[in-house]
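Read through the structure below, which is laid out as structure tokens, and then see the notes.
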Amino acid sequence: MKSISILMVEDHKLLRVGLRSLFNDTDDIKVIAEADNGKDAVEKAKVMNPDVILMDIGLPDISGIEATRRILANNLEQKIMMLTSHIDEKEVMDALSAGAYAYVLKDINTEFLTMVIKSVDKGAIWLDPQIVPLIRDKSSCFIPQKQNSRAAFRAQHANLTEREYEVLKLVVDGQSNAEIASTLTISEHTAKAHVCNIIQKLVVDDRTQAAVKAIKEGLV
Numbered sequence: 551m552k553s554i555s556i557l558m559v560e561d562h563k564l565l566r567v568g569l570r571s572l573f574n575d576t577d578d579i580k581v582i583a584e585a586d587n588g589k590d591a592v593e594k595a596k597v598m599n600p601d602v603i604l605m606d607i608g609l610p611d612i613s614g615i616e617a618t619r620r621i622l623a624n625n626l627e628q629k630i631m632m633l634t635s636h637i638d639e640k641e642v643m644d645a646l647s648a649g650a651y652a653y654v655l656k657d658i659n660t661e662f663l664t665m666v667i668k669s670v671d672k673g674a675i676w677l678d679p680q681i682v683p684l685i686r687d688k689s690s691c692f693i694p695q696k697q698n699s700r701a702a703f704r705a706q707h708a709n710l711t712e713r714e715y716e717v718l719k720l721v722v723d724g725q726s727n728a729e730i731a732s733t734l735t736i737s738e739h740t741a742k743a744h745v746c747n748i749i750q751k752l753v754v755d756d757r758t759q760a761a762v763k764a765i766k767e768g769l770v
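And the structure:
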């Protein structure tokens, strides 16, 4: 199976080292280049042609948002994920308007981050649950203008059990199977089974897509 090639754009070396270590432990994600500023990122994106670019916003020269615009001006097919600690409405909107596929906060669970990367590589849009309220009513391009109520969501997916709704909410929060098991005081095997059932019932490919669907349908 072909691995997903990654360009990391981050000016903090310690974080780059940590992420590289994380991806070194996976078989299907490979870091092929790193950049510590926006201009270098634009050049490396052009030369290395990575599948997914992890882009910080606060860079020492041009911002990650401007770097995103320049990269996509060269190649619209490249998929860029903003990986940042910034929770600012204007920056979120500017990043998405620039063409970013995802807006992810740096406190994301590492297991969940790898799943978001895989989802984005397939063309999915991902918005961190913490920033969804900032833009829920701002742009129908990314989040539907009119959100369905929780009752409407349940009516559409009535085959989900109450426990599966609880698990789905924790999936949206970025919890791993082990964390879900701890939160709900169930076994990790049971948590995994619930997640598998949710994925099947929502007719999606993985837990990341299940979380995205839950957000877009108004569950959170």
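Quick note: the sequence shown, position 33, residue 583 per our numbering, numbers continuous. Heads up, the beta-carbon is just placed ideally off N, CA and C, and yes, glycines get one too.
Backbone CA spacing between residue i and residue j [nearest angstrom]
{"i": "residue 731", "j": "residue 552", "result": "32 Å"}
{"i": "residue 713", "j": "residue 654", "result": "27 Å"}
{"i": "residue 742", "j": "residue 593", "result": "42 Å"}
{"i": "residue 630", "j": "residue 609", "result": "15 Å"}
{"i": "residue 733", "j": "residue 724", "result": "13 Å"}
{"i": "residue 697", "j": "residue 761", "result": "Note that residue 697 scores a pLDDT of 41, beneath 50, so its modelled location is shaky; the value from the coordinates is reported in the next line. The alpha-carbon atoms of residue 697 and residue 761 are separated by roughly 15 Å."}
{"i": "residue 660", "j": "residue 678", "result": "14 Å"}
{"i": "residue 569", "j": "residue 662", "result": "13 Å"}
{"i": "residue 602", "j": "residue 645", "result": "15 Å"}
{"i": "residue 695", "j": "residue 647", "result": "Low confidence applies here, because residue 695 scores a pLDDT of 37, under 50, leaving its location unreliable; read the following figure in that light. So the two alpha carbons sit approximately 16 Å from each other."}
{"i": "residue 628", "j": "residue 745", "result": "30 Å"}
{"i": "residue 673", "j": "residue 619", "result": "18 Å"}
{"i": "residue 595", "j": "residue 764", "result": "32 Å"}
{"i": "residue 754", "j": "residue 728", "result": "22 Å"}
{"i": "residue 641", "j": "residue 625", "result": "22 Å"}
{"i": "residue 735", "j": "residue 623", "result": "49 Å"}
{"i": "residue 749", "j": "residue 651", "result": "22 Å"}
{"i": "residue 666", "j": "residue 567", "result": "20 Å"}
{"i": "residue 722", "j": "residue 572", "result": "21 Å"}
{"i": "residue 756", "j": "residue 676", "result": "13 Å"}
{"i": "residue 682", "j": "residue 558", "result": "24 Å"}
Residue nearest to residue i in terms of C-alpha spacing, selected from the options
{"i": "residue 584", "options": "765, 677, 752, 604", "result": "604"}
{"i": "residue 739", "options": "751, 750, 726", "result": "726"}
{"i": "residue 636", "options": "680, 651, 576", "result": "680"}
{"i": "residue 668", "options": "723, 758, 765", "result": "758"}
{"i": "residue 783", "options": "717, 720, 556", "result": "A question about residue 783 goes unanswered here, because the residues of the chain that appear run from 551 up to 770."}
{"i": "residue 600", "options": "614, 652, 671, 640", "result": "671"}
{"i": "residue 737", "options": "717, 673, 561", "result": "717"}
{"i": "residue 586", "options": "562, 567, 595", "result": "562"}
{"i": "residue 560", "options": "590, 673, 625, 639", "result": "590"}
{"i": "residue 747", "options": "554, 715, 684", "result": "715"}
Residue range of the unbroken beta strand (DSSP E) whose run includes residue i
{"i": "residue 571", "result": "Taken as a continuous stretch (DSSP letters only), residue 571 belongs to no beta strand (DSSP E), being part of the alpha helix (DSSP H) at 563–574."}
Check whether residue i and residue j have beta carbons under 8 Å apart
{"i": "residue 616", "j": "residue 588", "result": "yes"}
{"i": "residue 664", "j": "residue 612", "result": "no"}
{"i": "residue 657", "j": "residue 634", "result": "no"}
{"i": "residue 751", "j": "residue 720", "result": "no"}
{"i": "residue 598", "j": "residue 582", "result": "yes"}
{"i": "residue 614", "j": "residue 643", "result": "no"}
{"i": "residue 565", "j": "residue 639", "result": "no"}
Start-to-end residues for the alpha helix (DSSP H) that takes in residue i
{"i": "residue 554", "result": "From DSSP, residue 554 is part of no alpha helix (DSSP H) but of the beta strand (DSSP E) over 554–559."}
{"i": "residue 756", "result": "Here residue 756 belongs to no alpha helix (DSSP H), and DSSP marks it neither H nor E."}
{"i": "residue 656", "result": "Where residue 656 is concerned, there is no enclosing alpha helix (DSSP H), given that its DSSP letter is neither H nor E."}
In chain order, which alpha helix (DSSP H) runs of at least 4 residues are fully inside the segment 565–640?
-> 588–598, 614–624
Only counting runs of 4 or more residues, tell me where the alpha helix (DSSP H) segments fall wholly within the segment 702–753, in order along the chain.
-> 712–722, 727–734, 738–751
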